[in-house]
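**Student:** Here it is, the structure, as structure tokens.
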Amino acid sequence: MDQWAAGDATRRAVLGDEHVDRAKQRTTSFTADFQDFITRYAWGEIWTRPGLDRRTRSCVTLALLTALGHHNELGMHVRAALGNGLTPDEIKEVLLQTGVYAGVPAANSAFAIAQEVLAAEGAIEAGGADGRAG
Amino acid sequence: MGDLERGRAKYDEVYGEGAADRLLAALDGWGSDIGRYGVEFNFGEIYSRPGLDLRQRQIASIAALVTLGGVEPQLTGHIKAGLNVGLSPTEIVETIIHCVQYAGFPRTINAINVAKKVFQERGVT
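Order-wise, the sequence lines are chains A and B.
FYI, in the UniProt record's numbering the residues of the first sequence are 1 to 134.
FYI, in the UniProt record's numbering the residues of the second sequence are 1 to 125.
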């Protein structure tokens, strides 16, 4: 399988067909090179490497996106983490663990996003007005 | 409330007998409160929670530290800790490589160099 096909398959396995089809539909001539690049590089190479299983790669991804504060990507990867077999409790522990290194505000934002996504997926109970923690 | 004694035991489980006391002794004077917080809260609470094992916690910690960048002394410590709790060199290297697509090359290259140095010191090939 070539790098693009391997990347597309991994991306679909992790993020779901719906997400990938939507990303493809939205691709323009301006964004096409970027879509091609991340399919081959991020998904075809890195996410496809042996050495760590997808559950563990999801742990790594949640920790680093929390530390970076990339909130849109974090929501997407909380959903992906469920698909990769992490439980809500495991996701919670990764965010707690990251909080002591990246700081409480980073974890607080991450908890609000994960609460919203996990509740929307029916994996945990819904929170208050907007699900935000203190 | 944090638990200093449980933290001391958990820290020693990760870093070896007497390590918590050495950390607390090194962070004396103006550093004593931050040293105590690290042992009491990070290790007495967070690391002592069920839900993730110590290997998974080190993987998450290494990912956060690689991504933060500029924290090479702490990354050195956590790569050693990862080996101590049973992570393989491959698992550590893969955790670092996984960060490259999100955190970029500069931080990831710095992290790989930290790992290479630790592996060399430990005689890991």
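Cβ coordinates follow ideal geometry from the N, Cα and C atoms, glycine included.
Report yes or no: is there a C-beta of chain B within less than 9 Å of the C-beta of T10 of chain A?
**Tutor:** Locating residue 10 of chain A in the first sequence gives position 10, counting from the first residue. T10 of chain A does not count as touching chain B.
**Student:** Comparing the C-beta of D89 of chain A with each C-beta of chain B, is any distance below 9 Å?
**Tutor:** Your numbering for residue 89 of chain A matches position 89 in the first sequence. It does: the Cβ of D89 of chain A has a partner Cβ on chain B nearer than 9 Å.
**Student:** Could you work out which residue in A:S29, A:E125, A:E90, A:T39 is closest to L62 of chain A when comparing CA atoms only?
**Tutor:** Residue 62 of chain A sits at position 62 when you count from the first residue of the first sequence. Of A:S29, A:E125, A:E90, A:T39, the residue nearest in Cα terms is A:E90.
**Student:** Determine the DSSP secondary structure at R22 of chain B, reduced to helix, strand or coil.
**Tutor:** As a working note, residue 22 of chain B is residue 22 in the second sequence. The answer is helix: DSSP assigns R22 of chain B an H, G or I state.
**Student:** Who are the neighbours of T90 of chain B on chain A, taking C-beta pairs under 7 Å?
**Tutor:** As a first step, residue 90 of chain B must be located in the second sequence, where it is residue number 90. Per Cβ cutoff of 7 Å: G51.
**Student:** Have a look at V117 of chain A and I34 of chain B and give me their C-alpha separation to the nearest angstrom.
**Tutor:** Here residue 117 of chain A refers to the residue found at position 117 when the first sequence is read from its first residue. Here residue 34 of chain B refers to the residue found at position 34 when the second sequence is read from its first residue. Going by the C-alpha atoms only, they are around 34 Å apart.
**Student:** Would you check if there are 3 or more beta carbon pairs closer than 8 Å linking the region 49 to 67 of chain B to the region 90 to 100 of chain A?
**Tutor:** Segments in contact, yes.
**Student:** In angstroms with no decimal places, state the Cα-to-Cα distance between L75 of chain B and Y102 of chain B.
**Tutor:** Position 75 of the second sequence, counted from the start, is the residue given in the question as residue 75 of chain B. Position 102 of the second sequence, counted from the start, is the residue given in the question as residue 102 of chain B. Those two C-alpha atoms are separated by around 18 Å.
**Student:** If you reduce the DSSP assignment to three classes, tell me which class S48 of chain B lands in.
**Tutor:** The residue given as residue 48 of chain B occupies position 48 in the second sequence. Coil at S48 of chain B, not helix or strand.
**Student:** What residue from A:R79, A:N84, A:A102, A:N108 has the CA that sits closest to I124 of chain A's CA?
**Tutor:** As a first step, residue 124 of chain A is located in the first sequence; it is residue number 124 there, counting from the start. Of the listed residues, the one whose Cα sits closest to I124 of chain A is A:R79.
**Student:** Give the straight-line distance between the Cα atoms of G131 of chain A and V114 of chain B, rounded to the nearest whole angstrom.
**Tutor:** Position 131 of the first sequence holds residue 131 of chain A. Position 114 of the second sequence holds residue 114 of chain B. With a pLDDT of 47 at G131 of chain A, under the threshold of 50, the modelled position of this residue cannot be trusted, and the question is left open.
**Student:** Check whether chain A comes within 9 Å of Q120 of chain B, counting only Cβ atoms and requiring the distance to be less than that.
**Tutor:** For the purposes of this step, residue 120 of chain B is taken as the residue at position 120 of the second sequence. Cβ-Cβ to chain A under 9 Å: no for Q120 of chain B.
**Student:** Distance cutoff 9 Å, beta carbons only. Does Y15 of chain B sit that close to anything in chain A?
**Tutor:** The residue labelled residue 15 of chain B in the question sits at position 15 within the second sequence. It does not; no Cβ of chain A falls within 9 Å.
**Student:** Look up V71 of chain B in the DSSP assignment and say whether it is helix, strand or coil.
**Tutor:** One-based indexing of the second sequence puts residue 71 of chain B at position 71. Note: V71 of chain B maps to coil in three-state DSSP.
**Student:** In chain B, which residues lie with their C-beta within 7 Å of the C-beta of A63 of chain A?
**Tutor:** To locate residue 63 of chain A, count along the first sequence from 1; it is residue 63. Per Cβ cutoff of 7 Å: A60, A63, A64.
**Student:** When the Cα of H19 of chain A is compared with those of A:I113, A:S109, A:M1, A:G83, which residue comes out closest?
**Tutor:** On the first sequence, position 19 is the one that residue 19 of chain A refers to. Answer by Cα proximity: A:G83.
**Student:** Within its chain, find whatever has a CB closer than 6 Å to the CB of G16 of chain A; leave out the 5 residues flanking it on each side and keep chain order.
**Tutor:** For this step, residue 16 of chain A is matched to residue 16 along the first sequence. Nothing meets the Cβ criterion.
**Student:** According to the Cβ coordinates, are G82 of chain B and Q58 of chain B closer than 9 Å?
**Tutor:** On the second sequence, position 82 is the one that residue 82 of chain B refers to. On the second sequence, position 58 is the one that residue 58 of chain B refers to. Yes; because the gap between Cβ atoms is below 9 Å, this pair is in contact.
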